[in-house]
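Quick notes on the structure that follows.
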Amino acid sequence: MAPSAATHRAEETPQTADPLVSIEGLSVDFDTPRGTIHALRDISLEVPKGKVLGLVGESGCGKSTLAYSMIGLLAENAKVAGGAIRMSGQDLAHLGPKAWRDLRGRRISMIFQDPMTSLNPVTTIGKQMIDIQYREPGSRAEKRARAIEFLEQVQLPDAAAKLDVYPHQLSGGMRQRVCIAMALLTRPDLLIADEPTTALDATLEMQIVTLLRELQEKFGCSVLFVSHHLGTVAELCDEVAVMYAGEVVERGAVREVFHTPRHPYTQALFDCDPARFRQATRQLPTIPGTLPDLRQPPAGCAFRARCTKAFARCAAEHPPLYTAGPGQVARCHLNDPAEDAA
Ligand code: SF4
C-alpha cells in the first residue's frame, strides 16, 4: 500500500462530469440523552448520473444515515449541522415536509433491508401498487395493468395473480422483487437501496443484484447501493465510497479501489471479507478495536487506534482526502507525497 508517485493532496473528491446529486460538506448530528453524536462529518460525495455508487463500511459508520438524509427520512432527533445535498437546483438537506412529499417516491425512491417491514401486511400487493400511483394519471384498470407490467419487469412469475395476494404469502425474495417494482413504478431519477439483500440467502442475493443491474441499465436511473457485502458491491457498482466513523475515507472506481486500496481501513475490510478465504476456517478475522465515540471524534485520523500503519502525524493532524490514483482519493497521510520525501 505504498503511495504512488502520482499521489497529491486533493482539495475535494473527484468531480463527476454531470452528477445527479452533489453532497457538499454534509454534517448530521443526533441529539441523545448521553450527548450529541456527530454521525456524519463533512461528507462530500457525488452520485453520478446513470451509474451505481456503492457505499460500504462497518455497522455504525454512517452509511444508512447518509442514505436516509438523501430521502428526507432522518430520525426526529437528527439535525443537519452543515452542508447541502444538491439535486436539480434543490437542497435536499433543507427541504420542508411538503417539498419532500412531492419529491419522495417520484424522483427519489428507496428499497429497504427488510421487505416485510416496508410492505403493508394487511393489504394486497395489487392495492399497494395501485395506491402508490395516486399522483399518476389514468384509470384504476390502467394502474393495475401498469402494476402487472412492473411485476413482470422484476421477473415475478405469474405476475397478474400476485396482485391478489398478501405480503406474507410470498417468499422473502419475491417480496423484495415487489419492493423493487414499487420503487421503480414512478421511474425515479435516484434509487436508494439500503442493504436490500441482507435478509436473503446467497443465491437470492445474487439474483436480486443481477436484477438490479439489469433494471438500472434499462431505466437509466442512478443507484446508491448501501451494503457491507463487498462481493455484491464488486458485482453491481461502478464506483464505491468507503465510510468510517461518519467520514468518507476512500472513494473511486470499483476496479481501482478493489484492486489497489489506498486506505488501511479499506484494506482491512478486504482482509476480513469471508469470500476471499479459500480454506474452511472456524474463526473469521475481524478488525481489532471498535469505532471511536462519535460524541467526541478523535483529533487526527479517526482510524488511528485500529490502524497498523499509524505514525506520529496521524495523532495530531486530521488527514484530508488525498488524490491516490486516477479518480481515486483516500483520507490517509500515507498518500501525501510529502511522506515519500520525508
Ligand atoms: Fe493509519 Fe495514519 Fe493513514 Fe490514519 S492517516 S489510516 S492512522 S496511516
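In the working numbering, each residue's number is its place in the sequence shown (first place is 1) plus 7.
Think of the CB as a built atom: it goes at the ideal place given N, C-alpha and C, for glycine as much as any other residue.
A straight line joining the alpha-carbon of valine 63 with that of valine 256 spans about 10 angstroms. In this chain, leucine 231 is not harboured by any alpha helix (DSSP H); it is covered by the beta strand (DSSP E) spanning 229 to 233.
The ligand SF4 has a heavy atom closer than 8 angstroms to the beta-carbon of arginine 320.
Look at the beta carbons and you see the segment 199 to 207 touching the segment 119 to 129: at least three pairs across the two are nearer than 8 angstroms.
Apart from sequence neighbours up to five positions away, the residues of its chain that approach valine 185 with a beta-carbon distance below 6 angstroms are Ile132, ordered along the chain. Pairing alanine 331 with arginine 269 gives a Cβ-Cβ distance under 9 angstroms. Cβ-Cβ distances below 6 angstroms link cysteine 339 to His270, Pro326 in the same chain, with the five nearest sequence neighbours on each side left out; the list follows chain order. Collapsing the DSSP output to three states places arginine 111 in a strand. Short of 6 angstroms from the beta carbon of valine 28, and not among the five residues preceding or following it, lie these beta carbons of its own chain, in chain order: Val54, Met94. By the neighbour-count criterion, in which a residue is buried when 16 or more other Cβ atoms sit within 10 angstroms of its Cβ, glutamine 290 is exposed. Straight through space, the alpha carbons of proline 281 and cysteine 314 are spaced by roughly 20 angstroms. Annotation: leucine 197 to arginine 114 spans about 6 angstroms, alpha carbon to alpha carbon. Excluding sequence positions up to five before and after valine 240, its CB lies within less than 8 angstroms of the CB of Gly61, Val63, Phe232, Ser234, Val247, Val261, all in the same chain and listed in chain order. Remark: the C-beta of cysteine 339 is in contact range of the ligand SF4, defined as less than 8 angstroms to any heavy atom. Buried is the label assigned to proline 174, since at least 16 other Cβ atoms lie within 10 Å of its Cβ.
Less than 9 angstroms divides the Cβ of proline 333 from the Cβ of glutamate 263. Taken atom to atom, the span from the alpha-carbon of alanine 317 to that of isoleucine 50 is near 23 angstroms. Per DSSP, the unbroken beta strand (DSSP E) holding leucine 60 starts and ends at 59 to 63. Its Cα nearest to that of leucine 126, the residue Gln176 stands out among Tyr272, Gln176, Leu163.
Contact between the segment 27 to 45 and the segment 90 to 106 is present: three or more C-beta pairs spanning the two stretches fall below 8 angstroms. By the Cβ-count criterion, tyrosine 141 is exposed, with fewer than 16 other Cβ atoms from all chains shown falling within 10 Å of its own Cβ. In this structure valine 59 touches valine 230 by the C-beta definition: roughly 4 angstroms separates them, less than 8 angstroms. Nearest in C-alpha terms to glutamate 65, of all of Asp98, Ala252, Glu159, is Ala252. Contact annotation: glycine 179 and leucine 222 have beta-carbon atoms that are not nearer than 9 angstroms. Minimum Cα-Cα distance from glutamine 214 among the listed residues Met189, Met181, Pro292 corresponds to Met181. A distance below 8 angstroms between beta-carbons, with the five flanking residues on each side excluded, links glycine 296 to the following residues of its chain, in chain order: Ala312, Arg313.
According to the DSSP assignment, proline 122 belongs to the alpha helix (DSSP H) that extends over 122 to 125.
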